[in-house]
Structure formats: structure tokens, C-alpha cells
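The structure appears right after this line, and notes come after that.
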Amino acid sequence: VPVIKWASVGLIRMSEEVDWIYCPVQCGKDTFALTVKSDSMVSSNLNNKSYPVGTILFVDPSVEVKNGSMCVAKKTKTKEATFKQFISDGGENYLKPLNNQYPTILVDEKTLIIGCVIGSFQPE
């Protein structure tokens, strides 16, 4: 799958200058990979899964995002992509970071869910 830049998330055409990486799990034809660039998904609870800077995410747009799924989304206003946990609670949907120092984001009509994280890899 192609390893794309965060600025390319959600764009139809990809730059020809992309790296390719083997996806070790079953994936759809539009699956792509991203490299985590912030600590918003590093959990303060040592027993929880964390995604530190440098983690490679495999994102499949064809997989339905459900409550608790890790996903990549984009706010149409800012055009910035983000990686968060999708939470559905009380009739509202949110994008929740694992790091409590970052804010939870309300999913509204200006939020585009790009795809579900189907796997990750942390290089040594």
C-alpha cells in the first residue's frame, strides 16, 4: 500500500513520490498507510494501546467505522487530517484522543471520516 503524507489524506490523486509498504492484514484496494506525527494517541494508561510518533497506520476507507474504532478523519474547514478513536455516545459522535492533554472533537457535518485503521506497526 502507498505510504502517503498527511496533507494528501482524502485527495483523489496521489503524488507519484510515495513509498510503498507491505500491509500484513487483508485490506481493500484503496488502503493506504500514514506515519503518526503527534503524541495525541499516546495513552497515559500503560495498560492501553498507544500509537507513538513514528507508528505506521494502515487505513482502509472501505471498512466501516464503529464505536471504539481507531480512524482517520478530516475537518473540511481546516482540511487537516487527524487520527483519533471514534466514539458514539448519547446520539453524538466524537473523535477522542488517547492522550488526555488533547481535546475531544465533535463529529459534525464538516467532518469527513476517511477510513478505519485496520492495523499498525511500530518500528524499532
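Sequential numbering from -3 applies to the sequence shown in the numbering used here.
Glycine residues also receive a C-beta, built at the ideal position from the N, C-alpha and C atoms.
Determine the DSSP secondary structure at residue i, reduced to helix, strand or coil.
i	result
S4	helix
I109	strand
S116	strand
D15	strand
V(-1)	strand
Checking the sheet assignment: what are the DSSP bridge partners for residue i?
i	result
L94	L94 pairs with nothing; no bridge assigned.
S36	S36 pairs with nothing; no bridge assigned.
Q81	M66 and K92
V55	F28 and V113
Taking Cβ positions, are residue i and residue j nearer each other than 7 Å?
i	j	result
F79	V68	yes
V(-1)	A77	no
S36	Y98	yes
K122	L108	Past the boundaries of the shown model lies residue 122; the chain is included only from -3 to 120, so the question cannot be answered.
P57	D26	yes
M66	V(-3)	no
K106	K73	yes
Assuming residue i and residue j are in contact, meaning their beta carbons sit under 8 Å apart, how far apart are those beta carbons, in whole angstroms?
i	j	result
S46	V38	5 Å
I101	L91	4 Å
K51	V32	A quick correction: the sequence has Thr, not Lys, at residue 51. With 8 Å as the limit, T51 and V32 qualify as a contact, their Cβ atoms being about 4 Å apart.
N63	S34	Actually they do not touch by this definition, with Cβ atoms about 23 Å apart.
V59	G111	7 Å
7 Å is my cut-off, CB to CB: does residue i come that close to chain D?
i	result
A29	The chain inventory of the structure shown lacks chain D, comprising one protein chain alone.
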